[in-house]
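Student: Quick one: structure below, then a few questions.
Protein chains: 2
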Amino acid sequence: MKKYFFLSSILLIMLFVSLSLGYAGQPAVKEDFRPASTNQPGRDYPMVNSEGRVRVQIKAPEAQRVQLDISAVKYYDLVKDTGGVWIGESAPQDEGFHYYQIWIDGAAVPDPGSMFFYGAGRWGSGIEVPAHDQDFYALKNVPHGFLNEKLYFSQITQSWRRCFVYTPPDYETNSKSRYPVLYLLHGSFEDETGWSNQGKVNLILDNLIANEKAVPMIIVMDNGYAFKPKNDLDQGSPPLFAFEEVMVKEIIPMIDGSFRTIADREHRAIAGLSMGANQAIRIAINNLDLFSYIAGFSGTPNYPSADKIDRDKFMNGAFKDGKTLDRKIKLLWLSLGTKEPDPFPGSVGAFRSMLEESGIKYGYYESPGTAHEWLTWRRSLCQFVQLLFK
Amino acid sequence: MKKYFFLSSILLIMLFVSLSLGYAGQPAVKEDFRPASTNQPGRDYPMVNSEGRVRVQIKAPEAQRVQLDISAVKYYDLVKDTGGVWIGESAPQDEGFHYYQIWIDGAAVPDPGSMFFYGAGRWGSGIEVPAHDQDFYALKNVPHGFLNEKLYFSQITQSWRRCFVYTPPDYETNSKSRYPVLYLLHGSFEDETGWSNQGKVNLILDNLIANEKAVPMIIVMDNGYAFKPKNDLDQGSPPLFAFEEVMVKEIIPMIDGSFRTIADREHRAIAGLSMGANQAIRIAINNLDLFSYIAGFSGTPNYPSADKIDRDKFMNGAFKDGKTLDRKIKLLWLSLGTKEPDPFPGSVGAFRSMLEESGIKYGYYESPGTAHEWLTWRRSLCQFVQLLFK
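Okay, here's the thing in structure tokens:
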């Protein structure tokens, strides 16, 4: 009896050691994978475990090599089972949303199990790694606003454009109320769908408004890419950027004409992420008659430089007279993820130093444990909108 | 000189013959391919030519076999060039919208060049083959309505659901006007995104309203799948279908509460495609106090049977007293594509015979040259909405 107990103990210890280390001495993968919240309806894969590992599965019986490509730098080899199904997982990922794709014999394709998102210049797979603070963007039993999609023709760019507009839960029922407006800009290689699909802007606002942590507001999400048409002689010249002009002359008048807005600078904010942060700060500083609340998430107009900013020259000296500028701005607000790569910490830091030297007050937030990704921006939005229009 | 001319002529004739027949005597493919309108921004492939052939291209240098899979029945082998890029095209397709996918060494994946659509039970690639009458759903310089997206919790299904609502161009500006409502249902293995993404409902209505061919109306597109939760003992039993109850008790009151509707049966229509046609006709006939306009596109409640309908038994005898029913219905309207496969022509035909025997008047439309696909339903919608609320 004692002998059996001793043998069982040895076996149990061996089992424990092998589970802990896995094969070939690698750290064991925790087998608590669950389907990702970003999956297509009814799909079990991709999955995520409590360590943040992403496991994918795809049937490709004739393939020689299948890999998971996530976080832009790592390729993870999948292993084929006897049924021709490839399976494998990544190293632990940061909490939050990540773009990814699958390589099949040298072809980069979306994972047919995931929903698709526009980012990195393409519609492709994305996956949600549950975050410890995901409650603030969870779908809850609170009143929900509408997300309104509008097509319009831009005379400036001579092209069709699309705008998404969030209206707060009481917008339809309080048919006399007027609302302040936040213009919210996406990043480079993203588009007007980013803030609602990846950014969860409607859920963040629905939750904050339900808890009276944010005032009901309208949020406008347009496309930050806008170029004037060139004539035939100009074809070789650089693109004619026109987003500021489209924003000021077309988007704002359209929104004020179609929605019950409070159409003055005290009730108009502009914010953006990365490229959109650069745009938001520039547009606001150039148009202080239109905006009084300004935010840049993971970006500033001196991007990508980390050099000390020359206030006499930067943005045509807009920050030279800091005191006057400070009086005109109700709130200037910046944010960054603690794991952001170069050049973001350097360039945001140089911009902050310039503000401090100029005597311009600003708010600042750091998203813990996140890089240049959507959880940084969801958290930044959640922090920023609580300060608006109060 | 003459000799050269003669040789050149021979070469030209050979060139012409080879271009006309292609290799191995196959009919030549017309080389007038252009990027599809359904492509991701900036992508050249997939392409469509004037014959309706779909040409795809994908880099897969290590793959052994790559195929295009379109129209559910055909696999077209692609050919690899020296750079590892596979290319090839389908036979001519019907005009209109088609789902498709690519097979890479046995893996079925979306084409990373196309936009993605929900149909056939998955988000995947779709392609638009230009139609001779595509003008009616073209994006034009006319006033455009909004597409509004709303999340709501259904008490009946104990689940979160999503609803898309089209409001006509003058809805925001005529802030006192009230509007009639069309409830528009998708088909099986589709969802609430189908009618706006593949169906182009907003563009069809914008164009018709601009030309005063349709009255301004609100169009509601919800998800036709709705099931009551089961308790633990019921798990093996069939699903508890609840869409009619959700429509009557939750969706209609929500829409009448959130939008400026004319909330009576004279100003409420219901229509659907395929499975949604079956649902629309059943829901309307069961709730004639709510609806007076009814349409089924490519579907009827006797699906999939083509047998003669027994009016005493069919839908609990709802069509038995045809004259009374006929007086209550303002418009009953059916449609079908001329190329629809079995069982649709048979079952729609049997339903029409039953209506005729019952003395129930109905409108009927056939979409020329289209099968059980979205161009049939775009055309049907365009025809039907012109008859509504007049």
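One line per chain: the protein sequences are S and E, in this order. By the working numbering, the letter at position 3 of the first sequence is numbered 1102, and the numbering carries on one by one without gaps. By the working numbering, the letter at position 28 of the second sequence is numbered 1127, and the numbering carries on one by one without gaps. Beta carbons are placed, not taken as given, at the ideal position from N, Cα and C, and that holds for glycine.
1. Closer than 8 Å by beta-carbon distance: list the chain S residues that pair up with E/K1329, in chain order.
2. Along chain S, in chain order, which residues have C-beta atoms closer than 8 Å to that of E/W1294?
3. Spatial neighbours of S/P1467 within its chain, please: CB distance less than 7 Å, with the 5 preceding and 5 following residues excluded, ordered by chain position.
4. Find out if the Cβ-Cβ distance for the pair S/G1416, S/G1458 is shorter than 7 Å.
5. Quick one: what's got a C-beta closer than 7 Å to S/F1488's C-beta in the same chain, skipping five residues either side?
6. Scan the region 1161–1188 of chain S for residues whose Cβ lies nearer than 9 Å to a Cβ of chain E and list them as they occur along the chain.
7. Step through the CB atoms of chain S and report whether any lies within less than 7 Å of the CB of E/F1216.
8. Based on Cα-Cα distance, which residue from S/K1239, S/R1142, S/L1281 and S/T1360 lies nearest to S/G1371?
9. Which residues does DSSP list as the beta-bridge partners of E/L1431?
10. If the cut is a Cβ gap below 7 Å, which residues of chain E does S/Q1139 touch?
11. Mind listing, in chain order, the continuous alpha helix (DSSP H) runs of no fewer than 4 residues lying wholly within the region 1192–1233 of chain S?
12. Apart from the five residues on each side of it in sequence, which residues of its chain come closer than 6 Å, Cβ to Cβ, to E/K1249?
13. Just to confirm the assignment, what range does the alpha helix (DSSP H) spanning S/V1484 have?
14. Answer with buried or exposed for S/F1390, where buried requires no fewer than 16 other C-beta atoms within 10 angstroms of its C-beta.
15. Between E/W1202 and E/I1169, what straight-line distance do the alpha-carbon atoms span, to the nearest angstrom?
16. So, under 8 Å CB-CB, S/W1432 and S/G1462 are touching, yes? Tell me the CB distance rounded to an integer number of Å.
17. Compile a chain-ordered list of the residues in the region 1350–1374 of chain S whose CB is closer than 8 Å to at least one CB of chain E.
18. Taking only runs of the beta strand (DSSP E) that begin and end inside the region 1369–1427 of chain S, which ones reach a length of at least 3 residues, in chain order?
19. Assuming the contact rule is C-beta atoms closer than 8 Å, S/S1213 and S/P1145 should be a hit. Round their C-beta distance to whole Å, please.
20. Could you tell me how far apart the beta carbons of E/A1383 and E/L1284 are, in whole angstroms, since I believe they sit closer than 8 Å?
21. Within 10 angstroms of its Cβ, does S/W1259 collect 16 or more other Cβ (buried), or is it exposed?
22. Is E/P1338 close to chain C? Criterion is C-beta to C-beta, closer than 7 Å.
23. Return the CA-CA distance between E/L1177 and S/R1221, expressed in angstroms with no decimal places.
24. Which residues, in chain order, does the region 1248–1273 of chain E contribute to contact with chain S at a C-beta distance below 7 Å?
25. Quick check on S/L1238 - is its C-beta less than 7 Å from some C-beta in chain E?
26. Could you say which of S/F1450, S/K1173 and S/D1204 lies nearest to E/R1164 if we only look at CA atoms?
27. Measuring CB to CB, does S/F1450 end up less than 7 Å from S/N1385?
28. Short of 8 Å in beta carbon distance, which residues of its chain neighbour S/F1252, apart from the five on each side in sequence? Order them along the chain.
29. Would you mind telling me which residues of chain E sit closer than 7 Å to S/G1286, beta carbon to beta carbon, in chain order?
30. Grab me the residues of S/Y1217's own chain with a C-beta within less than 6 Å of its C-beta, minus the 5 sequence neighbours each way, in chain order.
31. Around the Cβ of E/A1230, are there at least 16 other Cβ atoms within 10 angstroms (buried) or fewer (exposed)?
32. Helix, strand or coil: how does DSSP classify E/H1236 here?
33. Using 8 Å as the threshold, is the region 1149–1167 of chain E in touch with the region 1189–1199 of chain E, meaning 3 or more CB pairs across them?
34. Quick one: measure Cβ to Cβ for E/I1354 and E/I1393, integer angstroms, because I've assumed they're closer than 8 Å.
35. Contact criterion: CB-CB distance below 7 Å. Does S/G1205 meet it with respect to chain E?
36. Step through the CB atoms of chain S and report whether any lies within less than 7 Å of the CB of E/L1304.
Tutor: This is what the structure holds:
1. The contacting residues do not exist; E/K1329 stays about 17 Å from chain S at best.
2. By Cβ distance, chain S contributes nothing, its closest Cβ being about 13 Å from E/W1294, past 8 Å.
3. Cβ-Cβ distances below 7 Å link S/P1467 to T1437 in the same chain, with the five nearest sequence neighbours on each side left out; the list follows chain order.
4. no
5. P1279, V1314, M1316 and H1366
6. E1161, A1162, Q1163, R1164, V1165, G1183 and W1185
7. no
8. S/L1281
9. DSSP lists E/I1393 as the bridge partner or partners of E/L1431.
10. Ordered by position in chain E, the residues that pass the 7 Å Cβ test against S/Q1139 are R1221 and W1222.
11. none
12. The answer, listed in chain order, is C1262.
13. W1473 to V1484
14. buried
15. 11 Å
16. 4 Å
17. G1356, S1357 and F1358
18. 1392–1396
19. Between S/S1213 and S/P1145 a beta carbon distance of about 6 Å is seen, short of the 8 Å cut, so the two are scored as contacting.
20. Not really, about 11 Å apart at Cβ, beyond 8 Å.
21. Exposed.
22. Looking at the structure shown, chain C is missing, and the protein chains on hand are S and E.
23. 23 Å
24. E1248, K1249, L1250, Y1251, F1252, W1259 and E1271
25. yes
26. S/D1204
27. no
28. S1258, W1259 and R1260
29. Within 7 Å Cβ-Cβ: nothing; S/G1286 doesn't reach chain E, min ~15 Å.
30. D1290 and T1292
31. By the C-beta density criterion, E/A1230 is buried, having at least 16 other C-beta atoms within 10 angstroms.
32. At residue 1236 of chain E the sequence reads Tyr, which differs from the His that was named. Of the three classes helix, strand and coil, the one that applies to E/Y1236 here is helix, per DSSP.
33. yes
34. So it is not a contact: roughly 18 Å between Cβ atoms.
35. yes
36. no
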